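Worksheet for the structure shown next.
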Amino acid sequence: MLDIRRIREDYEEVSQLLQLRGLNYDLKKIIDLDDQRKEILSVSEGLRHEQKVKSKEIPELKKQGKDASHIIEEMSKLSQKVKDMTSDVSEIEDKIYELLLEIPNTPDLSTPKGDSDEDNILIKTEGEPTTFDFDIKAHWDLGEDLDIIDFERAGKIAGARFSVMKNLGARLERSVLNFMLDLHTENHGYNEVIPPFMVNRDAMIGTGQLPKFENDMFHVPSKDMFLIPTAEVPLTNLYGGEILDEDMLPIYHTAYTPCFRKEAGSAGRDTRGLIRQHQFNKVELVKFSKPEDSEKELESLLLNAEEVLKQLKLPYRVVQLCGGDLGFSSAKTYDIEVWMPSYDDYLEISSCSNFRDYQARRANLRYRRADDNNVDYLHTLNGSGLAVGRTVAAIMENYQNADGSITVPEVLQPYMGGKKIIK
RNA sequence: GGAAAAGUACUCAAGCGGCUGAAGAAGCGCCCUUGGAAAGGGUGUAGACCAUUCACGUGGUGCGAGGGUUCAAAUCCCUCCUUUUCCGCCA
149 MLDIRRIRED
159 YEEVSQLLQL
169 RGLNYDLKKI
179 IDLDDQRKEI
189 LSVSEGLRHE
199 QKVKSKEIPE
209 LKKQGKDASH
219 IIEEMSKLSQ
229 KVKDMTSDVS
239 EIEDKIYELL
249 LEIPNTPDLS
259 TPKGDSDEDN
269 ILIKTEGEPT
279 TFDFDIKAHW
289 DLGEDLDIID
299 FERAGKIAGA
309 RFSVMKNLGA
319 RLERSVLNFM
329 LDLHTENHGY
339 NEVIPPFMVN
349 RDAMIGTGQL
359 PKFENDMFHV
369 PSKDMFLIPT
379 AEVPLTNLYG
389 GEILDEDMLP
399 IYHTAYTPCF
409 RKEAGSAGRD
419 TRGLIRQHQF
429 NKVELVKFSK
439 PEDSEKELES
449 LLLNAEEVLK
459 QLKLPYRVVQ
469 LCGGDLGFSS
479 AKTYDIEVWM
489 PSYDDYLEIS
499 SCSNFRDYQA
509 RRANLRYRRA
519 DDNNVDYLHT
529 LNGSGLAVGR
539 TVAAIMENYQ
549 NADGSITVPE
559 VLQPYMGGKK
569 IIK
């Protein structure tokens with residue numbers, strides 16, 4: 149969440165940055181409440197002080213065998229007043245907190261204005277869209293024809309937007325995620341984690357999914373827990389409430405997890421194939437960095453994610469998201485989009501974001517600086533490295549052959565038991 | 001899921017409702033001793049957050065979390081969380 153002091157002191161700047169998102173937020177109300185809070189607080193703290201000093205007289209009097217009832221009576225009134233004011237203060241604090249939770253992060257200055265992906269800025273393009281000298285198939289047709297994906301039976305046991313991977317399809321999925329994890333741990337310096345796939349409410353608030361987007365999440369009522377929509381949630385909250393030493397930073401984590409999303413509001417979109425599922429696999433990259441380093445950490449994170457596509461020799465491009473497309477908690481996001489032949493277009497396969505101190509404030513992630521021993525919020529970043537299901541789909545489509553078979557990308561062949569082709 | 005015990009500062013640990021805005025130990029800082037170190041002696045030592053102040057400072061909060069009782073809570077009551085042990089179930 150935003151620092152309330154920053155909202156007060158840089159009111160104009162914060163408002164203008166938020167306008168890049170194309171929506172208006174009522175910051176004045178927060179400031180008004182904060183004014184109220186301060187006013188009541190200073191009075192109640194004065195009374196509290198009086199209460200503490202005076203109540204010391206009671207045991208003194210009692211020790212001397214004197215009657216203390218008049219002081220006790222007086223204290224009783226004072227105590228009630230303090231209690232009332234304290235609860236007023238905490239009521240206002242709760243309100244402020246609730247309002248702050250609803251305000252998204254301020255976009256980076258470089259963020260283009262705009263309200264759809266058409267306003268995103270093209271950063272770079274790698275490779276050319278794949279060309280074919282035959283009629284191509286979409287990955288869902290390839291999958292069924294090769295008997296490596298079964299959508300119908302998935303519907304039977306779970307419903308729409310689920311899939312069953314089988315045979316070499318299951319093997320391919322596993323190969324892809326192992327390849328990604330190996331690349332990031334062995335070449336890019338990430339430490340592997342297997343986190344819980346369900347988290348509590350606090351964790352979901354910490355990264356910004358709650359309270360605003362509860363409808364998009366799968367909820368387990370009996371435990372009031374949520375199926376994770378991304379490994380970002382458990383990983384980013386890993387050090388919640390802690391104060392890390394500066395020499396621990398930066399911390400790089402990578403994790404494979406399934407991700408669960410209701411995809412509410414996307415009815416009718418991408419209904420076929422692996423693109424938009426209620427459950428999909430993803431390898432996530434998460435970084436904790438010092439504030440002054442987060443900008444360059446985002447660039448290297450992006451390169452780490454790109455490297456997967458480079459090694460798989462899949463054509464892609466990178467865009468910077470405009471204000472309207474930017475995620476709630478993010479200050480700056482690059483999307484990597486892979487060439488998807490059946491779409492005849494690029495499709496998002498990774499989102500790499502710098503959240504700066506926004507999530508750190510929510511999740512209470514801090515570190516102690518070595519030079520002056522002061523405590524400060526650290527910065528969090530994350531990116532998909534990559535979405536596994538979409539990567540599998542992209543491989544299937546880009547590597548398809550005229551006879552309906554699929555060539556296995558070279559770097560995956562060791563993971564596929566040496567197999568060079570799926571047919 | 002059932003039963004029991006426990007959660008106090010970086011760590012260990014004491015704590016009869018007011019003398020605990022938290023004993024003691026260890027650790028760490030500084031000083032003495034020493035040629036230098038160790039040992040020994042002395043001495044200092046919550047962290048974080050909030051308010052206020054130009055600042056030194058002052059005030060508030062804090063004993064797993066949140067409520068409650070009381071003039072007053074680490075201490076009494078309730079709920080929850082975590083850890084350990086035992087039982088049950090289970091990959």
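Under my numbering, residues 149 to 571 are what the first sequence spells out, in order. Using N, Cα and C, we set each Cβ at its ideal position, and we do this for glycine too. Please read these numbers as outputs of a predicted model, since none were measured by experiment.
Taken atom to atom, the span from the alpha-carbon of residue 415 to that of residue 312 is near 21 Å. Counting only unbroken stretches of 3 or more residues, the beta strand (DSSP E) elements lying wholly within the stretch 295 to 376 are 346 to 348, 373 to 375, in sequence order.
Rounded to the nearest angstrom, the gap between the Cα atoms of residue 406 and residue 370 is 21 Å. The C-alpha of residue 570 is placed about 36 Å away from the C-alpha of residue 469.
At a Cβ-Cβ threshold of 8 Å, residue 557 and residue 461 count as neighbours. Listed in chain order, the beta strand (DSSP E) runs fully inside the stretch 389 to 435 are 391 to 393, 399 to 408, counting runs of at least 3 residues. The beta carbon of residue 179 lies closer than 7 Å to those of 155, 156 in the same chain, with the five residues before and after it left out. In this structure residue 375 is in contact with residue 366, their Cβ atoms being roughly 4 Å apart against a cut-off of 8 Å.
Among the bridge pairs identified by DSSP, residue 491 is matched with none. CA-CA distance, residue 475 to residue 203, rounds to 53 Å.
Residue 164 counts as exposed, since fewer than 16 other C-beta atoms from the protein chains shown sit within 10 angstroms of its C-beta. Judged by DSSP secondary structure, residue 533 falls outside any alpha helix (DSSP H) and instead within the beta strand (DSSP E) spanning 527 to 535.
With contacts defined by Cβ atoms closer than 8 Å, residue 565 and residue 262 do not form a contacting pair. Distance from the CA atom of residue 294 to the CA atom of residue 465, rounded to whole angstroms, is 29 Å. In the DSSP annotation of this structure, residue 285 is not part of any alpha helix (DSSP H), being labelled neither H nor E. If you look at residue 273, you'll find it isn't in any alpha helix (DSSP H); it sits in the beta strand (DSSP E) that goes 269 to 274. In this chain, the alpha helix (DSSP H) harbouring residue 185 covers 175 to 203.
The stretch 432 to 520 contains, as complete alpha helix (DSSP H) runs of 4+ residues, the segments 442 to 460, 506 to 511 (chain order). The Cβ atoms of residue 296 and residue 317 sit closer than 8 Å to each other. Per the coordinates, the alpha-carbon of residue 290 lies some 7 Å from the alpha-carbon of residue 552. Scanning its chain for C-beta atoms nearer than 7 Å, with the 5 sequence neighbours on each side dropped, one finds around residue 309 the residues 411, 424, 425, 426, in chain order. For residue 537, the CB contacts under 7 Å within the same chain, skipping 5 residues up- and downstream, are 422, 425, 428, 429 in chain order.
Per DSSP, the unbroken alpha helix (DSSP H) holding residue 163 starts and ends at 159 to 167. The residues 312, 314, in chain order, have a CB closer than 7 Å to that of residue 298 in the same chain once the five nearest residues on each side in sequence are set aside. From the listed residues 545, 413, 482, the smallest Cα separation to residue 362 is found for 413. Within the same chain, Cβ atoms closer than 7 Å to the Cβ of residue 247 are found at 177, 178, the five residues on either side in sequence being excluded.
In the DSSP assignment, residue 384 falls within the unbroken alpha helix (DSSP H) covering 380 to 384. Within 10 angstroms of the beta-carbon of residue 268 lie 16 or more other beta-carbons, which makes it buried.
DSSP places residue 548 in the strand class (E or B) of the three-state scheme. A distance of 8 Å or more separates the beta carbons of residue 463 and residue 300.
Ranked by how close their Cα comes to the Cα of residue 258, the residues 380, 220, 478 have 478 in first place. Rounded to whole angstroms, the separation of the alpha carbons of residue 253 and residue 237 is 26 Å. Per DSSP, reduced to three states, the secondary structure at residue 523 is strand. Spatial neighbours of residue 185 in its own chain (CB-CB distance under 8 Å, excluding positions within 5 residues in sequence) are listed in chain order as 237, 240, 241, 244. Around residue 494, the same chain offers 464, 465, 485, 486, 487, 488 as residues with beta carbons nearer than 8 Å, after the five sequence neighbours per side are excluded. At least 8 Å separates the beta-carbon of residue 392 from that of residue 437.
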